Structure formats: C-alpha cells, structure tokens
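Student: To start, I am sharing the structure in question, which I have written as structure tokens.
In our numbering, the protein residues as written are 11 to 146.
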C-alpha cells in the first residue's frame, strides 16, 4: 500500500494533475476529503471534496476522522474510508490532496489504523508562469 500526498497553493494544479491520470487511462484512486471552504466553480460535492460547514467538521469524532486546520478552514479525512481505499486499490496506490503541514500526523494516524508502515511519497506543486518557463 502506498499513499501519495499532492499539495501546493491554491491554483497550482493539484486537482488537474489527479484528473490527468484518468484522462490517460491510469486508474489511481483519490481520497475525497472534507473541507470547510466553499466550492470553486466546477467542483462537485462528494467528488472533488465534501463541502461541509466548519462546525460540522469540528464536531467529527476524533476516533474516526483526522481533522486539521488549514489557514482559516478545516480539512478532514475519513480514516475508515482511506483505509478501505488503500486496501482495495488495484495498484496499491492512493492519492490524497492535503495541506502539507497535516501530512505527518495523518500518516501516523492511518499507519496506526492499518497496523503497518505505509510507503508514502509527497508531491508539492507550484504554479509557474509560462513566461518564467520560457526563460528557463
């Protein structure tokens, strides 16, 4: 089992990257997490994120959910669902978009839940303007 974190600032292309796998025929499950932020244009509840009020996320039971603060909002991971995603993944790989500062604690929580160390990897994305790329 391997959990791959994709993170980066807003607009860096995290969601676009994870969708690109499907577009080229690569089936990699993506954990859908909860967020207290409002949906952006084109985002769908239950597919991109679970868009929930901050008060709802804050009240999720700690035994079942990993909850962390991201600037002025909250993110939450359903640990049972993540465990299921990892166990059922045909490739043994699951992608998760999560704030980089939450990553170490999330890995600890899911490893405790599955009773084993996970292989992990991290991808941090940043947007670079096309002009900057041309100059390289």
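Think of the CB as a built atom: it goes at the ideal place given N, C-alpha and C, for glycine as much as any other residue. Source: prediction; values computed, not measured.
I need the straight-line Cα distance from residue 69 to residue 61, nearest angstrom please.
Tutor: About 15 Å.
Student: Just to confirm before moving on: does the CB-CB distance between residue 83 and residue 45 stay below 8 Å?
Tutor: Yes, Cβ-Cβ distance for residue 83 and residue 45 is below 8 Å.
Student: Taking the C-alpha atoms as reference points, what is the distance between residue 104 and residue 146?
Tutor: Rounded to the nearest angstrom, the two C-alpha atoms are 33 Å apart.
Student: What does the alpha-carbon distance come out to for the pair residue 106 and residue 51?
Tutor: Approximately 20 Å between the Cα atoms of the pair.
Student: Here's a check: name, in chain order, each residue in its chain whose Cβ is nearer than 8 Å to the Cβ of residue 33, leaving out the five neighbours to either side.
Tutor: If we look at residue 33 and ignore the five residues flanking it on each side, it has no Cβ neighbours.
Student: Among 78, 88 and 97, whose alpha-carbon lies nearest the alpha-carbon of residue 125?
Tutor: Among 78, 88 and 97, the Cα nearest to that of residue 125 belongs to 97.
Student: For residue 132 versus residue 39, is the C-beta distance shorter than 8 Å?
Tutor: Cβ distance not < 8 Å, so residue 132 and residue 39 don't count as in contact.
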